[in-house]
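Asks: One structure follows; several queries about it will come next.
Numbering (the numbering used here), first residue to last: -15 to 157.
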């Protein structure tokens, strides 16, 4: 059973600043140069955009970057030597994930946890705290209800924020 609380807009900004000050990587929707919202690693709570704009890309690239160095190599007299790169994952936070993005990452877990298992994906999923942001309504390009979800679905989120006057109703999943 979930628990609910309330957080003011300022308290959420303060919490975000505390996470950043502690060195936590925070990914959130932020305004791009063209005015659209897009998930980005943020440096300041003021950069976070928690309005009606839908981020134009999913969160998948933060769990599985399109390119990533996994080892270095050197030529040796006997051929090649490979040295793995440290791919350790520190705890991180996604703030303002739309329910479709949070549920999408959770759906990919079944594939990545199969054979062969993608250990790096699973480590990144285990070290992330997903703070979702409920949508006020389905947008014209949305499909959440077509896949059995909805604008306030909690699948894949640890916490869901529901916009309310002066802040957010916080649902701890």
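C-beta: ideal position from N, C-alpha, C; glycine also.
Just so you know, these numbers come straight off a predicted model, no measurement behind them.
Relative to the alpha-carbon of residue 157, which residue among 126, 127, 121, 114 has its alpha-carbon at the smallest distance?
Replies: Taking only the C-alpha atoms, the option nearest residue 157 is 114.
Asks: Nearest-angstrom Cα distance between residue 176 and residue 142?
Replies: Not covered by the structure: residue 176. The range shown for the chain is -15 to 157.
Asks: Out of curiosity, what's the CA-to-CA distance linking residue 140 and residue 55?
Replies: The alpha-carbon atoms of residue 140 and residue 55 are separated by roughly 31 Å.
Asks: Considering only C-alpha positions, which residue in the set 18, 26, 53, 49 is nearest to residue 37?
Replies: The option with the nearest alpha carbon to residue 37 is 18.
Asks: With a floor of 3 residues, list each beta strand (DSSP E) that falls wholly inside the segment 60 to 101, ordered by position along the chain.
Replies: DSSP runs (the beta strand (DSSP E)) wholly in the segment 60 to 101: 63 to 68, 76 to 81.
Asks: Which of the three DSSP states is assigned to residue 43 in this structure?
Replies: Reduced to three states, the DSSP call for residue 43 is coil.
Asks: Starting from residue -3, trace the alpha helix (DSSP H) in both directions and tell me its first and last residue.
Replies: Element bounds for residue -3: -7 to 5.
Asks: Is DSSP giving residue -11 helix, strand or coil here?
Replies: If DSSP states are grouped into helix, strand and coil, residue -11 belongs with the strands.
Asks: With DSSP run on the structure shown, which of helix, strand or coil describes residue 103?
Replies: Residue state, collapsed to three classes: helix.
Asks: Hey, quick one: how far does the beta strand (DSSP E) through residue 147 stretch, first residue to last?
Replies: Element bounds for residue 147: 143 to 148.
Asks: For residue 241, tell me which candidate among -1, 35, 29 has the shortest Cα-Cα distance.
Replies: Shown here, the chain extends from -15 to 157; a query on residue 241 therefore has no answer.
Asks: Mind checking who residue 26 pairs with in its DSSP beta bridge?
Replies: Per DSSP, none; premise fails for residue 26.
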